[in-house]
Amino acid sequence: MPRLHLGDWVDSGVNWLQSHLSWLFDAISSLVTGMYDGIDAVLSSPAPLLFAGILAVVAWWLRGLSAGVLAFAGFALIDSIELWDDAMATLSLVLVATIVTLVIAIPLGVWASRSKTVSGITRPVLDFMQTMPAMVYLIPGVIFFGVGVVPGIIATIVFSLPPGVRMTELGIRQVDEELVEAAEAFGTTPRNTLVRVQLPLALPTIMAGINQVIMLGLSMVVIAGMVGGGGLGAAVYRAIGNVDVGLGFEAGISIVILAMYLDRMTGALSRQVSPLGRRALAKAKSLTGGPKIWNYRPQPAVALVGVVVLALVAGGMGMFGKAKSADASNASGVGQGKKVSIGYIPWDEGIASTFLWKEMLEQRGFEVETKQLEAGALYTGLAGGQVDFETDSWLPVTHAQYWKKYQSKLEDMGSWYGPTSLELSVPSYMKGIDSLEDLKGKSGQFKGRIIGIEPSAGMMGILKDKVLKDYGLEGEYKVVDGSTPGMLAELKRAYDKTEPIVTTLWSPHWAYSSYDLKKLKDPKGSWGKGDGVHTLARKGFSAENPQVGKWLKNFHMTEKQLTDLEARIQTTGKGKEQDAVRAWLGDNPGLADKWTPVAKAGKAASGERMAPQ
Amino acid sequence: MSRLQAEHLYKVFGRRPDEGVRKLESGSDRDELRADGTTAAVIDASFAVEPGQIFVVMGLSGSGKSTLLRMLNGLLEPTAGRVLFDGQDLTALSPGELRAVRSAKISMVFQHFALFPHRSVLENAGYGLEVQGVPRPERDRRAAEALELAGLAGWEKSWPDELSGGMQQRVGLARALATDADLLLMDESFSALDPLIRRDMQDQLLELQQRLKKTIVFITHDLNEAMRLGDRIAVMRDGRIVQLGTAEDILVTPANDYVASFTQDVDRSRVLTAGAIMADAEAAYGTRADNGKELRNAKDVLAAAPVTVRADTPIIDLFTPCSTSGVPVAVIDDEGELIGVVPRARLLAVIGEPMTPAETPPRSTGPEQAATKAVASA
Chain A
2 MPRLHLGDWV DSGVNWLQSH LSWLFDAISS LVTGMYDGID AVLSSPAPLL
52 FAGILAVVAW WLRGLSAGVL AFAGFALIDS IELWDDAMAT LSLVLVATIV
102 TLVIAIPLGV WASRSKTVSG ITRPVLDFMQ TMPAMVYLIP GVIFFGVGVV
152 PGIIATIVFS LPPGVRMTEL GIRQVDEELV EAAEAFGTTP RNTLVRVQLP
202 LALPTIMAGI NQVIMLGLSM VVIAGMVGGG GLGAAVYRAI GNVDVGLGFE
252 AGISIVILAM YLDRMTGALS RQVSPLGRRA LAKAKSLTGG PKIWNYRPQP
302 AVALVGVVVL ALVAGGMGMF GKAKSADASN ASGVGQGKKV SIGYIPWDEG
352 IASTFLWKEM LEQRGFEVET KQLEAGALYT GLAGGQVDFE TDSWLPVTHA
402 QYWKKYQSKL EDMGSWYGPT SLELSVPSYM KGIDSLEDLK GKSGQFKGRI
452 IGIEPSAGMM GILKDKVLKD YGLEGEYKVV DGSTPGMLAE LKRAYDKTEP
502 IVTTLWSPHW AYSSYDLKKL KDPKGSWGKG DGVHTLARKG FSAENPQVGK
552 WLKNFHMTEK QLTDLEARIQ TTGKGKEQDA VRAWLGDNPG LADKWTPVAK
602 AGKAASGERM APQ
Chain B
126 MSRLQAEHLY KVFGRRPDEG VRKLESGSDR DELRADGTTA AVIDASFAVE
176 PGQIFVVMGL SGSGKSTLLR MLNGLLEPTA GRVLFDGQDL TALSPGELRA
226 VRSAKISMVF QHFALFPHRS VLENAGYGLE VQGVPRPERD RRAAEALELA
276 GLAGWEKSWP DELSGGMQQR VGLARALATD ADLLLMDESF SALDPLIRRD
326 MQDQLLELQQ RLKKTIVFIT HDLNEAMRLG DRIAVMRDGR IVQLGTAEDI
376 LVTPANDYVA SFTQDVDRSR VLTAGAIMAD AEAAYGTRAD NGKELRNAKD
426 VLAAAPVTVR ADTPIIDLFT PCSTSGVPVA VIDDEGELIG VVPRARLLAV
476 IGEPMTPAET PPRSTGPEQA ATKAVASA
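Protein chains in written order, with our numbering: chain A, 2 to 614; chain B, 126 to 503.
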């Protein structure tokens, strides 16, 4: 069989689209971003408990008192575990994706129900969209739309579109043909047949489709978190990256609460809006007995008044809140409110250095946005200009592939920490195994397995192609591909039971402070010389921001500083990284001024000239 | 002028329907077309319906009767031929004009009622008016009137699924009547009802028709129903109209064995009339009355006959008189003139097997053969 270069064709197709249709993607991107920002602003402006109240009143109206109470309890829980903002970001993401999906899916479904050709064409396309693993869309999504919420939303739309289209088509096709004929026989126009007969009767099925769209959208938020989608997805992704079971559970339960709320509410809403459902509801109501208060449901008007009052109160409070924060951000400095975007992969040294820079730049008057990203998305975003810089590139070895692919669009700001090292490690209770050479002939102990990380990682290539060969371990050991969190979880499991284990690991890594591990010596130097941790910026960043560029180039951390900071962040807790950095900088006075020196008052004018806005 | 006229209607489904029509015109039959993958549903159907008439199309399933009905209001476009409604060629209208005609002048009643489940009875009855854009108060008033006509006063606020089948079809009928359309198309409208209710509905339709004088095209697979309701009946088989005539024509002179086999189950005594089976008055001349007196002329016959009836009297009314007397029943016209007689032997003969047309040989022999010949010669 000749090798078909399907992947290459797709790749060059994507490149062609990127260079020729960028105006279109930009337009879509700004539209979606605008929608997202708008909805997010509305959802996150009220005080959490007030907004929970609004949602509870809606639940009370749609499903009764118990649903209202449970809804309030659920949202209060989200607030109390400090994931409220994330939850609202996720809700906005899902709402935007749902709205866009429905705007596309319902007309398409209607069209497909009326035309066999359209139905025949859409069916395989929908199958393709639904079964293609969603991760596959993300990287082209990032290339087209840049990192952030947009590729996440687009991937969600692609993923959740099929049930919307299918259920709409099915619902309309299910309407008794005799009814459609009756409408036609009385001279109804096709449009009115659709509006007065087909859609009302198809409504329960269509609502089930909408429900599916929302549920699939929610299930996509975790994946959207990998490309900077933010929200609960980012929290889950961060938790996976750090093997943080607690945070993972908290974020997970928040997603469950959101999902249950949306599911039950859309289900109840479908009964409310469909004429047939309303009748069934009225019938059921007249049959049930029981305590009255439990079944009492406010009239729509009462519910509406309740929601409006709460919303007005919330709006008033939101205004005060805004006024206050406006005062607070009125800081001045070299940055003069200029926006800088830092991307990071949730690795410890990346988190530490990123939030260090966020804090220092904000002290200097910049407005800093941080985006947590998956490695591929981070480099794509950097090359595309949506991210200004990132601080965690291991060069020249580990991240060589990314550097090779994007170096023409990137600027290397130099290494701020090094050298790093790559190694295989075993727990210190593994007596007699101190060097790579000692592994030979001991594969029985380790069940012949070396626990690896992501197969795409640079060190995995070196391990398989060079290290094993040099030490004659080929064939005797099998490198298990997996993920960093998977490797760390396996390490923790084996360590707790003092079982034999050999894993790929690198320094600096917190595992060395958490567990008592031995780095296996590499007398033949197969791993090569260590990397430096480099800061990479998008092309042109230092020309536009010479001051920041200079700071970044001169930045250097010692091992003690880095591990101190990492430990501080670890103890302060997730979500408070910047607080930890601030405290750490407070304990180490002078560091900030050393790393980000500002010309004194007299020279301020010349400093500003150096940094054109 | 006829209210509704169908001229050489064809409906062919499948690829290249026009070619199918050409083949049919040049003598191919349905099976040959089916081999090409096309289906001829209606073949060369022509008929005329007069104002105030009930025109029944009778045929088994697959005979093309429903397709024919749907061409009459343009729900299906004929492959060839024309439909003239009040002289207007419906096949030449644009979709919009056709919809206007349908909404104002043609109503339809469906086999499975086709009521909108998301609308109340009143809203269902007013649907046609809603399409016409009649304002709400007038629409509700007229819909309520139509419901009253259909015998459903007081059920306006109910929902279709709360009604029995018969009542649902009354709503369907009210919906059709509410628009005041001249032409009512009824597609097996009573077939889904149980026999007693079906009979009720038939009676009510006839009663309404007395008052409203609509033009009705009624589709059925039940010949009894066809004969009860139809002023004229078209019998369809395999897409063609095989016989067109009154109920008596079809009973007395079925066009072929197929039609004849249908008529077997019909209660002939209620369908056939004295006028249809009577012999010439002369047939009675020369016979003797019960008292032995010879009947020489019309006056003698009138005097001796056990009963005198009109030509449209169903023959079921003749049995009792005939059993009491050997003298034939006398049939008179509006002026009281003798126009024919029904002898006892003939009365008995027509109740039996359907009479085959004169040109086809009778399938059975014996007394019936004589009766057949007698009718044929009459």
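Idealized CB from N, CA, C, for every residue including glycine.
| Check | Outcome |
| --- | --- |
| The alpha helix (DSSP H) enclosing Ala-436 (chain B), as first and last residue numbers | No alpha helix (DSSP H) holds Ala-436 (chain B); DSSP gives it neither H nor E. |
| Three-pair Cβ contact test at 8 Å for the stretch 220-228 of chain A versus the stretch 58-65 of chain A | no |
| C-beta neighbour in chain B for Val-198 (chain A), strict 9 Å | yes |
| Buried/exposed call for Ile-344 (chain B), threshold 16 Cβ in 10 Å | buried |
| Stretch-stretch touch, CB-based, cutoff 8 Å, three pairs: the stretch 209-221 of chain A with the stretch 94-114 of chain A | yes |
| Cβ neighbours of Asp-356 (chain B) in the same chain (closer than 6 Å, five flanking residues each side left out) | Gln-178, Ile-179 |
| Per-residue DSSP class, three states only, for Met-292 (chain B) | helix |
| C-alpha gap between Met-403 (chain B) and Val-475 (chain B), whole angstroms | 11 Å |
| Thr-371 (chain A) classed as buried or exposed, judged by whether at least 16 other C-beta atoms fall within 10 angstroms | buried |
| As assigned by DSSP and simplified to three states, the class of Phe-146 (chain A) | helix |
| Other residues of its chain near Met-397 (chain A): CB distance less than 6 Å, five sequence neighbours each side excluded | Correcting the residue type first, residue 397 (chain A) is Pro in the shown sequence and not Met. So no residue of the chain qualifies. |
| Gln-213 (chain B) in three-state terms, based on DSSP | strand |
| Integer-rounded CB distance, given that Leu-518 (chain A) should sit under 8 Å from Ser-429 (chain A) | 6 Å |
| Residues near Thr-597 (chain A) by beta carbon distance below 6 Å, same chain, minus five either side | Met-361, Arg-365, Trp-552 |
| Local Cβ density within 10 Å of Ile-570 (chain A), reported as buried at 16 or more and exposed below that | buried |
| Bounding residues of the alpha helix (DSSP H) (the contiguous stretch that carries Thr-214 (chain A)) | As written in the sequence, residue 214 (chain A) is Val, which differs from the Thr given in the question. Unbroken alpha helix (DSSP H) run through Val-214 (chain A): 200-226. |
| Cutoff 7 Å; reference Gly-291 (chain A); Cβ partners in own chain excluding five residues on either side | At Gly-291 (chain A), the pLDDT of 47 sits below 50, so the modelled position is not reliable and the matter cannot be decided from this model. |
| 7 Å Cβ shell around Arg-666 (chain A) - same chain, five flanking residues per side excluded | Because chain A spans 2 through 614 in this model, residue 666 (chain A) falls outside it and cannot be assessed. |
| Interface positions of the stretch 176-187 of chain A facing chain B (Cβ-Cβ less than 7 Å), listed along the chain | Glu-179, Leu-180, Glu-182, Ala-183, Glu-185, Ala-186, Phe-187 |
| Start-end ranges of the alpha helix (DSSP H) lying completely within the stretch 383-443 of chain A, minimum 4 residues | 401-407 |
| Beta-bridge partners of Trp-507 (chain A), as assigned by DSSP | A:Leu-423 |
| Contact check, Ile-173 (chain A) vs Ser-114 (chain A), beta carbons under 9 Å | yes |
| Interface positions of the stretch 259-279 of chain A facing chain B (Cβ-Cβ less than 9 Å), listed along the chain | Ser-275, Pro-276, Leu-277 |
| Secondary structure of Arg-4 (chain A), DSSP reduced to three states | coil |
| Short CB-CB distance (under 9 Å) between Asn-193 (chain A) and chain B | yes |
| Opposing strand residues paired with Thr-345 (chain B) [DSSP bridges] | B:Met-183 |
| Within chain B, the residues that Leu-171 (chain A) reaches when beta carbons sit closer than 9 Å | Within chain B, no residue comes near Leu-171 (chain A); the closest Cβ sits about 18 Å away, beyond 9 Å. |
| Proximity winner among A:Thr-34, A:Glu-578, A:Ile-55, relative to Leu-305 (chain A) (alpha-carbon distances) | A:Ile-55 |
| Contact with chain A by Leu-129 (chain B), beta-carbon distance below 9 Å | no |
| Same chain, Cβ closer than 8 Å to Glu-560 (chain A), neighbours up to 5 away in sequence not counted | Tyr-418, Pro-509 |
| Contacts of His-237 (chain B) in chain A (Cβ-Cβ under 7 Å) | Glu-179 |
| Option in B:Asp-143, B:Met-292, B:Ala-380 with minimal Cα separation from Leu-247 (chain B) | B:Met-292 |
| Range of the contiguous alpha helix (DSSP H) that encloses Thr-632 (chain A) | There is simply no residue 632 (chain A) to check, as chain A begins at 2 and stops at 614 in what is shown. |
| Contacts that Thr-189 (chain A) makes with chain B (C-beta to C-beta distance below 7 Å) | Val-256 |
| At least three beta-carbon pairs within less than 8 Å, the stretch 223-235 of chain B to the stretch 192-201 of chain B | yes |
| Straight-line gap, Pro-164 (chain A) to Leu-25 (chain A) (C-alpha atoms, nearest Å) | 26 Å |
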